[in-house]
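Numbering (UniProt numbering), first residue to last: 1 to 274. One structure below.
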Amino acid sequence: MDRPGFMASLVAGGVAGVSVDLILFPLDTIKTRLQSPQGFNKAGGFHGIYAGVPSAAVGSFPNAAAFFITYEYVRWFLHTDSSSYLTPMKHMLAASAGEVVACLIRVPSEVVKQRAQVSASTRTFQIFSNILYEEGIQGLYRGYKSTVLREIPFSLVQFPLWESLKALWSWRQDHVVDSWQSAVCGAFAGGFAAAVTTPLDVAKTRIMLAKAGSSTANGNVLSALHGVWRSQGLAGLFAGVFPRMAAISLGGFIFLGAYDHTHSLLLEVGRKSP
Numbered sequence: 001m002d003r004p005g006f007m008a009s010l011v012a013g014g015v016a017g018v019s020v021d022l023i024l025f026p027l028d029t030i031k032t033r034l035q036s037p038q039g040f041n042k043a044g045g046f047h048g049i050y051a052g053v054p055s056a057a058v059g060s061f062p063n064a065a066a067f068f069i070t071y072e073y074v075r076w077f078l079h080t081d082s083s084s085y086l087t088p089m090k091h092m093l094a095a096s097a098g099e100v101v102a103c104l105i106r107v108p109s110e111v112v113k114q115r116a117q118v119s120a121s122t123r124t125f126q127i128f129s130n131i132l133y134e135e136g137i138q139g140l141y142r143g144y145k146s147t148v149l150r151e152i153p154f155s156l157v158q159f160p161l162w163e164s165l166k167a168l169w170s171w172r173q174d175h176v177v178d179s180w181q182s183a184v185c186g187a188f189a190g191g192f193a194a195a196v197t198t199p200l201d202v203a204k205t206r207i208m209l210a211k212a213g214s215s216t217a218n219g220n221v222l223s224a225l226h227g228v229w230r231s232q233g234l235a236g237l238f239a240g241v242f243p244r245m246a247a248i249s250l251g252g253f254i255f256l257g258a259y260d261h262t263h264s265l266l267l268e269v270g271r272k273s274p
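This is how it looks when you write it as structure tokens:
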């Protein structure tokens with residue numbers, strides 16, 4: 001990847017990440033509280049739905065930038081003909097690599113954010129300090145495996161579907177999709193991926209919110225899923241599925257549309273620069 005392409009991916013990814021995280025934060029808070037062990041009302045209900053927003057604001061730019069730099073680099077590295085049957089596999093590998101790298105930034109931000117969302121009366125920095133004091137760096141990375149195990153299947157569905165929908169739309173209209181069309185494809189892809197990966201999101205939330213030292217806090221995804229199934233059944237595994245689908249569909253529209261638009265704009269500016 002050349003330098004202009006690298007910088008365009010970095011900036012466009014960061015802009016897209018900040019846009020979607022801040023716009024959709026209330027829906028994310030509602031989803032987290034629906035999935036929390038104490039239940040929606042005890043976790044705060046509709047009160048203080050912007051609790052934890054500083055953590056999201058700090059983490060969203062570098063997290064999304066890291067994802068898209070990795071995604072675009074791996075796509076470039078694994079270059080195949082656009083008509084090749086290996087193209088979806090290339091997108092899957094690129095998205096998976098992007099998630100593994102991005103989660104190194106996303107998980108600490110997510111741990112602090114989710115604890116703030118279910119403890120609206122506690123300041124975000126105080127939660128961050130408490131985690132470091134009681135659990136050390138390990139506490140900030142609690143749920144890393146469960147987050148990666150949620151994000152990789154999500155990306156394996158979302159990104160190949162997004163790229164395929166764009167390619168189909170481009171073929172039907174005989175020219176490359178516009179940014180708004182890319183955004184619509186992102187909304188469909190994101191909503192579908194959100195629905196099928198909700199149980200993994202529930203497991204990740206339970207692990208991140210569990211008390212330090214508890215069996216759930218150890219990060220065993222299958223154990224967390226089994227515990228939810230045993231206590232709440234299928235409804236528990238799909239807790240928060242509708243706000244998650246709504247948030248990620250709208251998020252896919254904003255995130256992928258903003259990324260495509262900003263990326264194209266930056267490349268155009270780069271071409272015009274001497």
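Ideal Cβ placement from N, Cα and C applies to all residues, glycine included.
Item                                                                                                                  : Value
Counted within 10 angstroms of its Cβ, other Cβ atoms place G44 as buried (16 or more) or exposed                     : buried
Nearest-angstrom Cα separation, counted from T124 out to S109                                                         : 10 Å
contact_flag[the segment 34-44, the segment 52-69] where n(CB pairs < 8 Å) is 3 or more                               : no
Three-state class that DSSP yields for P243 in the structure shown                                                    : helix
Close Cβ partners of P88 (< 6 Å) along its chain, the five nearest in sequence each way excluded                      : P160
Same chain only: Cβ atoms within 7 Å of I207, ignoring 5 sequence neighbours per side                                 : R142, G143, S146, T216, A217, G219 and A224
Cβ separation of D21 and A51, assumed to be a contact under 8 Å, to the nearest whole Å                               : With a Cβ gap of about 14 Å, D21 and A51 do not count as contacting.
Cβ of L200 within 9 Å of any chain C Cβ                                                                               : Checking the listed chains, one finds no chain C in this structure; it contains a single protein chain.
Cβ shell of A95 (< 7 Å), same chain only, five flanking positions each side left out                                  : Y71, S155, L156 and F159
CB contact flag (A247, K113, <9 Å)                                                                                    : no
Three-state secondary structure assigned by DSSP to P199                                                              : helix
Beta-carbon gap between V241 and A195 smaller than 9 Å                                                                : yes
Complete alpha helix (DSSP H) runs within the UniProt repeat "Solcar" (4-77) (minimum length 4 residues, chain order) : 25-35 and 53-77
D260 - DSSP class collapsed to helix/strand/coil                                                                      : helix
Residue from A187, S214, T29 and R244 with nearest C-alpha to T197                                                    : R244
Environment of W162 [buried if 16+ CB atoms lie within 10 Å]                                                          : buried
Beta-carbon proximity of F61 to G14, cut-off 9 Å                                                                      : yes
Residue ranges of each alpha helix (DSSP H) within the segment 107-141, 4 or longer                                   : 124-135 and 137-140
Where Q117 falls, given that 16 or more other Cβ within 10 Å makes a residue buried                                   : buried
Contact under 9 Å by Cβ, residue 316 with L222                                                                        : Outside the displayed range of the chain (1 to 274) lies residue 316, so it cannot be described from this structure.
Candidates K90, V74, R150 and S36: closest to K211 by CA position                                                     : S36
Whether S9 touches H263 by CB criterion (9 Å)                                                                         : yes
Cutoff 7 Å; reference G213; Cβ partners in own chain excluding five residues on either side                           : none
Residues near F238 by beta carbon distance below 6 Å, same chain, minus five either side                              : T198
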